[in-house]
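Letter by letter, the sequence shown follows residues 1 to 114 of full-length UniProt numbering.
To start, the structure itself, in C-alpha cells.
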Amino acid sequence: MTSSIAQSPLWGQCGGEGWTGTTFCVSGATCNFVNQFYSQCVPGDGGGDGSGCPSRCSGGGCGSTSCTITAPTIPGVGGGGASKSVTAGSGYFACCYSTGVTLYAKAYPNSCCN
1 MTSSIAQSPL
11 WGQCGGEGWT
21 GTTFCVSGAT
31 CNFVNQFYSQ
41 CVPGDGGGDG
51 SGCPSRCSGG
61 GCGSTSCTIT
71 APTIPGVGGG
81 GASKSVTAGS
91 GYFACCYSTG
101 VTLYAKAYPN
111 SCCN
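Here you go:
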C-alpha cells in the first residue's frame, strides 16, 4: 500500500507564517527558509527528508536561535576557514551542517521539533 502526501513543486511555497499548504517538497528538493512568511522548495540535499525539517544539525538544533559552521583546514592541502551563519526568527530554530563539501546554515520551523 502506498500513501500519497501532497508535495510542493520545485520553486513552490512550502511554508511560512500563515501558510496552510503542504510543507513537503518533491523528491530532489528541500524546503528552504527565506523569511518568517515564506519558505520555498529549492534543488538540493538540504539535509532533510523533503518535509522541510533537517535530518541532522551539527550546530544549533531545536531551541537554538543561531549557529555558525566553519569548514575545516585539511592537513597538507589547506583551505578551510569558510563559514556560514544563521539567526532564526520567531517560530524558527537555527541549524548548521555540512554535506562534506557544502556548508549549510538555515532556519527551520519549530514544528520540526515536535
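Using N, Cα and C, we set each Cβ at its ideal position, and we do this for glycine too.
If you're wondering where the values come from, they're calculated on a predicted model, not measured in any experiment.
**Prompt:** How many angstroms separate the CA atom of residue 63 from the CA atom of residue 105?
**Reply:** In the sequence shown, residue 63 corresponds to position 63, counting from 1. In the sequence shown, residue 105 corresponds to position 105, counting from 1. If you take the alpha carbons of residue 63 and residue 105, they lie about 15 Å apart.
**Prompt:** Where are the alpha helix (DSSP H) runs, 4 residues long or more, that stay fully inside the UniProt domain "CBM1" (6-42), in chain order?
**Reply:** none
**Residue interval of the beta strand (DSSP E) (run including residue 102)** = In the sequence shown, counting from the first residue as 1, residue 102 sits at position 102. If you look at residue 102, you'll find it isn't in any beta strand (DSSP E); DSSP assigns it neither H nor E.
**Prompt:** Quick one, are the C-beta atoms of residue 39 and residue 98 less than 8 Å apart?
**Reply:** What you label residue 39 is simply residue 39 of the sequence shown in a count that begins at 1. What you label residue 98 is simply residue 98 of the sequence shown in a count that begins at 1. No.
**Prompt:** Can you give the beta carbon distance from residue 41 to residue 112, rounded, assuming they're within the 8 Å contact cut?
**Reply:** Within the sequence shown, residue 41 is the residue found at index 41, counting from 1. Within the sequence shown, residue 112 is the residue found at index 112, counting from 1. 16 Å between Cβ atoms; not a contact.
**Item:** Simplified DSSP assignment, three categories, for residue 90
**Value:** The residue labelled residue 90 in the question sits at position 90 within the sequence shown. Residue 90 falls in the coil class under three-state DSSP.
**Beta-ladder partner(s) of residue 109, from DSSP** = The residue given as residue 109 occupies position 109 in the sequence shown. According to DSSP, residue 109 bridges with 92.
**Asked** Exposed or buried, which one is residue 32 when buried takes at least 16 other CB atoms within 10 Å?
**Response** As a working note, residue 32 is residue 32 in the sequence shown. Under this definition residue 32 is a buried residue.
**Request:** In the DSSP assignment, find the unbroken beta strand (DSSP E) run with residue 70 in it and report its ends.
**Result:** As a working mapping, residue 70 is identified with position 70 in the sequence shown. Run containing residue 70: 66-70, per the beta strand (DSSP E) assignment.
**Request:** Can you give me the Cβ contacts of residue 83 inside the same chain, cut-off strictly under 6 Å, excluding the 5 residues immediately before and after it?
**Result:** The residue labelled residue 83 in the question sits at position 83 within the sequence shown. Excluding sequence neighbours, residue 83 sits near 68, 70.
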